[in-house]
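Residue 172 in numbering that gives the first Met the number 0 is what sits at position 173 of the sequence shown, and the numbering runs on without skipping anything. Think of the CB as a built atom: it goes at the ideal place given N, C-alpha and C, for glycine as much as any other residue. These numbers were taken from a predicted model, which means no experiment stands behind them.
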Amino acid sequence: MFSITPTARLRTTPFLEMARKEGLTNAMVYNRMVLPTFYGNPEEEYWRLINGVSMWDVSVERQVQVTGKDAAKLAQILSPRDLSKCKPGQGKYVPLCNHQGTVINDPILLKHDEDRFWFSIADSDIWSWASAIAAERGLDVKIEEPDVSPLAVQGPKAVEVIADIFGDWVRDLKYFWFKELELEGIPVALQRSGWSKQGGFEIYLKDGSQGEKLWNIVKEAGAPYDIGPGSPATPERTESGLVSVGGDTDAHTNPFEVRLGQYVDLDVPDDTVGIQALRKIAEEGPKRHQLGLKLEGDQPAPLGLAWEDLTSDGQKVGDMTNCTWSYRLQQNIGYALISREVQAGEKVMVQRPGGEVRAELVEMPFI
């Protein structure tokens, strides 16, 4: 039985009641909201994502909306990625950094128009950050959190479900591109995106009072494809090499250390937050890098509440930032944030609560 006490500090979602009815057993807090994580059978939920289609309540992906005359200017100031060619209806993955070049969030930026942008954020307060930057630069913008809650449909059969709902035109929608429309009177934005490598879409509900209606539309359309509930809390993200900013990063992690350097354009304007630091890091080279870990042992042993030390010859060389049981590889796998002096192919010791465990460092993705 799952229950939660909502407060002004912990908000529920437009889909939470439906998630409960689906058998929700576990949840976590993310952006001061409830993120449903498991529905009683994690392995079944995993294979549903790998082989079929899964629907996720990811309302926790809050939108930081920037509007006004200087909206495009602020969006670029916040983004160490060139947005000059970004078109209305296009989204871009953006690793937001502070002035030291540390990754503080990695939203999808959605450009609605020259004077309206959404930052669909991960878990940290970008509303306050953007507001502070805008104020100190004297920009003519308005920053707010609109009534927008994403519902993800993920898996290899997701395109069939979404095509049955919206029409076959969705098959041609490019990754991260989106379209605003109405679905049976429900205002939404449909984007080809999602936190998995199995393919899928996110439906941005723009009226929280219609959460049950949207959920039921998707569930009904997905019934022929055996759709069921799930969440981004799955081993698939680790197997696929997806980075969890705030989970796989610390207060000193820059994009180059966690395989996000391809999303940094060093020739963006000089007033872009963090770009001076990022240029210096790129020139000198990052001190750490991210590799995969394959741990010895044949029993599931997930990561606890803290990172675990990685050692070589008795000396700490890095940290294991996450660990999960891979159903496809049939072993525990995880991520290493580790000194660049240590390379893939080498062995390290993981200092686990139950004792040392040997692990091999590998390149990612695992699958």
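Counted within 10 angstroms of its Cβ, other Cβ atoms place residue i as buried (16 or more) or exposed
| i | result |
| --- | --- |
| residue 424 | There is simply no residue 424 to check, as the chain begins at 0 and stops at 366 in what is shown. |
| residue 393 | The question about residue 393 has no answer here: the residues shown for the chain are numbered 0 through 366. |
| residue 127 | exposed |
| residue 79 | buried |
| residue 320 | buried |
| residue 317 | buried |
| residue 60 | buried |
| residue 268 | exposed |
| residue 133 | buried |
| residue 233 | buried |
| residue 201 | buried |
| residue 38 | buried |
| residue 143 | exposed |
| residue 6 | exposed |
| residue 197 | buried |
| residue 191 | buried |
| residue 135 | exposed |
| residue 172 | buried |
| residue 313 | exposed |
| residue 180 | exposed |
| residue 221 | buried |
| residue 22 | exposed |
Closest residue to residue i among the options (Cα-Cα distance)
| i | options | result |
| --- | --- | --- |
| residue 329 | 294, 18, 99, 172 | 294 |
| residue 237 | 323, 201, 176, 310 | 323 |
| residue 130 | 77, 176, 178 | 77 |
| residue 121 | 3, 202, 106 | 106 |
| residue 263 | 195, 100, 113, 214 | 100 |
| residue 305 | 284, 351, 163 | 351 |
| residue 17 | 115, 46, 134, 214 | 214 |
| residue 10 | 20, 28, 302, 243 | 28 |
| residue 203 | 188, 135, 225 | 188 |
| residue 66 | 19, 139, 174 | 139 |
| residue 161 | 291, 219, 246 | 219 |
| residue 226 | 72, 48, 115 | 48 |
| residue 424 | 366, 307, 283 | In the structure as shown, the chain begins at 0 and stops at 366. Residue 424 is therefore absent and cannot be evaluated. |
| residue 184 | 171, 212, 172 | 212 |
| residue 150 | 119, 170, 141 | 119 |
| residue 141 | 8, 72, 278, 315 | 72 |
| residue 111 | 313, 175, 342 | 175 |
| residue 31 | 20, 4, 22 | 4 |
Whole-angstrom C-beta distance between residue j and residue i, which should lie under 8 Å
| i | j | result |
| --- | --- | --- |
| residue 228 | residue 205 | Incorrect: roughly 22 Å between the Cβ atoms, too far for contact. |
| residue 52 | residue 152 | 6 Å |
| residue 50 | residue 155 | 7 Å |
| residue 82 | residue 70 | About 11 Å separates the two Cβ atoms, so there is no contact after all. |
| residue 125 | residue 63 | 5 Å |
| residue 248 | residue 257 | 6 Å |
| residue 296 | residue 356 | 6 Å |
| residue 137 | residue 109 | About 25 Å; that fails the 8 Å criterion. |
| residue 41 | residue 240 | Wrong, their Cβ atoms sit about 20 Å apart, outside the cutoff. |
| residue 292 | residue 358 | 5 Å |
| residue 253 | residue 102 | 6 Å |
Beta-carbon gap between residue i and residue j smaller than 9 Å
| i | j | result |
| --- | --- | --- |
| residue 148 | residue 14 | yes |
| residue 300 | residue 353 | yes |
| residue 332 | residue 289 | no |
| residue 259 | residue 216 | no |
| residue 36 | residue 25 | yes |
| residue 177 | residue 88 | yes |
| residue 117 | residue 145 | yes |
| residue 311 | residue 286 | no |
| residue 273 | residue 104 | no |
| residue 210 | residue 157 | no |
| residue 45 | residue 334 | no |
| residue 245 | residue 123 | yes |
| residue 255 | residue 276 | no |
| residue 243 | residue 55 | no |
| residue 68 | residue 114 | yes |
| residue 235 | residue 195 | yes |
- Task: With a floor of 3 residues, list each beta strand (DSSP E) that falls wholly inside the segment 78-139, ordered by position along the chain.
- Result: 89-92, 102-104, 107-112, 115-119
- Query: At which residue ranges does the segment 239-325 contain complete alpha helix (DSSP H) runs of 4 or more residues, listed in the order of the chain?
  - Reply: 274-283
- Message: Which runs of the beta strand (DSSP E) at least 3 residues long sit entirely within the segment 43-80? Give them in chain order.
- Response: 53-56, 62-66
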